[in-house]
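Student:
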Amino acid sequence: MFRYDKGQIEVQDIEIEAFKAMLTFIYTMNFNGLDVNNLFDILEAANKYNIIGLVKKCADFPIEKLHNVFVSFQEARFLNMEYFAGRCLRYIDQNISVLIKSEAFLQIDQDLLCVILERDQLRISEIEIWNAALRWADEQCRQNDIECSAENQRKMLGPALFNIRLPLIPKEEFTKSVVSTNVLTTEERFGVFQHYFDPKLSDAPKPFPSKFPTHRRYKKGERIEMEIEKVSEFALEEELLDPSKGFYNKDEDKVKLAIDVIVDEPKTDKIISDPNKSNGTLSMEIEKLSEFAREIEASERKSETLYIKGMPWKIIAKIKNGNNEKWLGIFLLCDASEKDGNCSRKCLVTFRIVSQKNGVRDFKKKFEKMVFNNEAKSWGYEFISFTELMEPSKGLYNKDEDKVTLAIHFTCEYRIHFEKD
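Residue numbers for the sequence shown follow this note's numbering, beginning at 35 and rising by one.
1) For G393, which option in S427, W413, K380 has the closest C-alpha, if you only look at C-alpha atoms?
2) From W170 to Q141, what does the alpha carbon distance come to, in whole angstroms?
3) Where do the ends of the alpha helix (DSSP H) carrying N186 lie?
4) Can you tell me whether DSSP reads S278 as helix, strand or coil?
5) May I have the straight-line CA-CA distance separating F401 from S412, to the nearest angstrom?
6) Please give me, in chain order, every unbroken run of the alpha helix (DSSP H) with length at least 4 that falls completely inside the region 105 to 154.
7) Ignoring anything shorter than 3 residues, give me the beta strand (DSSP E) runs that lie fully in the region 389 to 442, in order along the chain.
8) In angstroms with no decimal places, state the Cα-to-Cα distance between C182 and N71.
9) Under the DSSP definition of a beta bridge, which residues are partnered with F385?
10) By alpha-carbon positions, which one of E409, M404, E435 ends up nearest to Y415?
11) Who are W347's beta bridge partners in DSSP?
12) Quick one: what's I353 bridged to in DSSP?
13) Whose C-alpha, out of F208, I364, D434, is nearest the C-alpha of L440?
14) Along the chain, where does the alpha helix (DSSP H) that runs through S324 open and close?
15) Drop a sphere of 10 angstroms on the beta-carbon of I330, count the other beta-carbons inside from all chains shown, and report buried for 16 or more, exposed for fewer.
16) Which residue from V438, M63, W164, T58 puts its Cα closest to that of F246?
17) Report yes or no: do the region 102 to 115 and the region 64 to 80 share at least 3 C-beta pairs separated by less than 8 Å?
18) Name the two residues that bound the continuous alpha helix (DSSP H) containing N165.
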């Protein structure tokens with residue numbers, strides 16, 4: 035915040051109207067200044083100055099009033115407001131059949147398309163998802179000024195293609211509406227047809243393993259049922275087969291199982307940690323920076339672990355030598371072990387040294403294509419020399435507390451598994 039004895043202070047990184055609305059809330063608890071046009075400007079200001087009540091009010095803003103729920107989801111994710119982002123996703127789940135026909139849907143990026151198609155709660159059929167995905171791919175082709183061919187549609191869809199649960203499309207519809215597009219390879223088509231003939235996916239090896247998910251999407255209030263036939267061969271528990279219990283149909287030798295699906299919105303304003311989410315922000319403070327700067331090359335400090343896409347990630351701060359001075363190296367580490375398998379993750383990464391001085395922007399650099407795998411678990415670079423980092427005019431070093439704050443925001447676009455030889 036600001037020192038009490040400072041004179042006029044210029045705030046450069048917050049919109050004027052958002053700052054006024056925040057001050058109004060602080061002194062009057064009046065929310066009237068909050069609307070769909072300034073929601074995220076006010077949320078950013080409230081986050082910056084830790085105005086918890088205003089953050090909660092923004093997070094509870096009615097989703098149906100948003101101009102574009104897709105853009106709002108991205109904004110919330112960028113600001114690390116997972117609760118609000120989750121509300122956007124649940125709204126998308128419930129209204130997807132209308133939203134996929136909108137112009138806004140055609141403008142989302144591939145990363146968000148993947149996030150949406152991964153959802154188990156989408157209230158829509160797979161054939162509708164397929165048709166919407168093709169419309170989206172056609173729009174991307176037009177925006178990139180390339181032919182809307184099957185090859186280019188597949189290229190635009192990328193990993194999103196494999197989030198569509200094609201084996202759940204009825205066989206006749208699959209043949210008519212999917213096979214005819216030539217987007218799938220021969221092996222992929224055979225894999226889906228193979229599923230039709232062996233839906234229970236026995237343990238026998240498959241000549242064409244399916245690359246597409248086969249589990250259903252479920253919605254709140256739905257009942258999932260299944261029958262176990264030939265129970266007398268399957269079950270050993272006498273209680274289950276006891277006629278007096280009424281569970282067992284002796285004439286047909288079967289029992290019926292059912293699960294009622296309950297998917298409620300969390301009753302909390304806390305950020306919910308989801309190890310399978312596709313993005314997040316790591317942060318760490320380097321305390322006693324002046325001592326750290328005097329340590330030998332390769333000395334390092336690590337942040338706590340954050341799980342993204344099911345994998346553990348950390349910040350590593352290292353001392354590097356170069357040009358006759360010491361540099362602070364900042365690296366993003368995918369701290370996976372061999373048991374996690376051989377896989378590759380493409381990430382969009384923004385490295386930041388957080389400003390310690392009001393009116394000074396964070397020092398940051400962005401990289402769009404960092405690929406992490408078992409051979410390259412960490413990426414980064416010699417970020418800044420310690421001389422420049424500790425220069426008072428830069429506003430990056432807190433001299434009184436002898437520390438700096440690092441942050442890395444990153445999004446894992448997708449995961450690719452490699453077969454072992």
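C-beta atoms are modelled at their ideal positions from N, C-alpha and C, and glycine is treated no differently. Predicted model, so just to flag it, every value in this text is computed and none were measured.
Tutor: Quick look at the numbers:
1) S427
2) 8 Å
3) 184 to 191
4) helix
5) 13 Å
6) 116 to 133, 137 to 140, 144 to 151
7) 397 to 406, 412 to 419
8) 36 Å
9) K399, I442
10) M404
11) L340, C368
12) L362
13) I364
14) 323 to 326
15) exposed
16) W164
17) yes
18) 160 to 177
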